[in-house]
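Chemist: Each residue of the sequence shown is one higher than the last, beginning at -5 in the working numbering.
All C-beta atoms in this analysis are idealised placements derived from N, C-alpha and C, irrespective of residue type, glycine included.
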Amino acid sequence: SSHLDSSLLAQRLTRVEMPAATLACEDDEATLEELQLSLREDQLEADVRAIELDIAIMDLSQAMQQQEVLVQQWQESIKHDKDNVLPHDWTDDDKRDHKQLRLGVQEAQKELEELQHRVKVLEEQRAALDTA
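(1) Restricting to Cα atoms, I'd like to know which of R90, L38, Q66, R34 is closest to Q103.
(2) Quick one: what does DSSP say W68 is sitting in, helix, strand or coil?
(3) Measure the Cβ-Cβ separation of R120 and L54 and say whether it is below 8 Å.
(4) Kindly indicate which three-state DSSP category T85 falls into: helix, strand or coil?
(5) Report all residues from its chain with a CB closer than 6 Å to the CB of V10; omit the five preceding and five following residues, and keep chain order.
(6) Would you mind working out which of E27, L29, H92 sits nearest S71, comparing C-alpha positions?
(7) Whose C-beta lies closer than 8 Å to the C-beta of R96 among residues of the same chain, with five residues either side of it excluded?
(8) For L123 versus A40, is the C-beta spacing smaller than 8 Å?
(9) Suppose contacts are defined by Cβ-Cβ distances below 8 Å. Is E105 in contact with Q61 by that definition?
(10) Grab me the residues of S68's own chain with a C-beta within less than 6 Å of its C-beta, minus the 5 sequence neighbours each way, in chain order.
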């Protein structure tokens, strides 16, 4: 018990006698470690964000390619239909169907443009992460 008491007393004396500069140095080291940890965490978060953007860009690019193919096929189908039927042979239903198809192609083209815009925005965000 007396050995324990003297050990505690020695620890207290050591703490009391420790110069203020030593305590400040230990605080600086702890602060430096906290800053380094914070920087590593920030870098990991930036890396995760970059990966998320890369995945979103790939997904949207794939959707954009599919939309491009759809629009092209649709346009060719409309052209083929129009080329194979003389205008005076078109019924009112044919004209209405053709108009609906053209409107559908226009809508698909707008969706394609929106996908292209979204990919561009994501690519700009991704590039900003690389320069940050």
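Modeler: In this structure, then:
(1) Among R90, L38, Q66, R34, the Cα nearest to that of Q103 is on Q66.
(2) In the three-state DSSP reduction, W68 falls in the helix class (H, G or I).
(3) In this structure, R120 lies away from L54, with their beta-carbon atoms at least 8 Å apart.
(4) Three-state result, T85: coil.
(5) Legend: pLDDT at V10 = 48, less than 50; position of this residue unreliable, value from coordinates given subsequently. Answer for V10: no residue qualifies.
(6) The residue with the shortest Cα to Cα distance from S71 is H92.
(7) In chain order, I72 place their CB closer than 8 Å to the CB of R96, counting only its own chain and leaving out the 5 sequence neighbours on each side.
(8) Yes, the Cβ-Cβ distance between L123 and A40 is below 8 Å.
(9) In this structure, Q61 lies closer than 8 Å to E105 by Cβ.
(10) According to the sequence as given, residue 68 is Trp; it is not Ser. Same-chain partners within the cutoff: V99.
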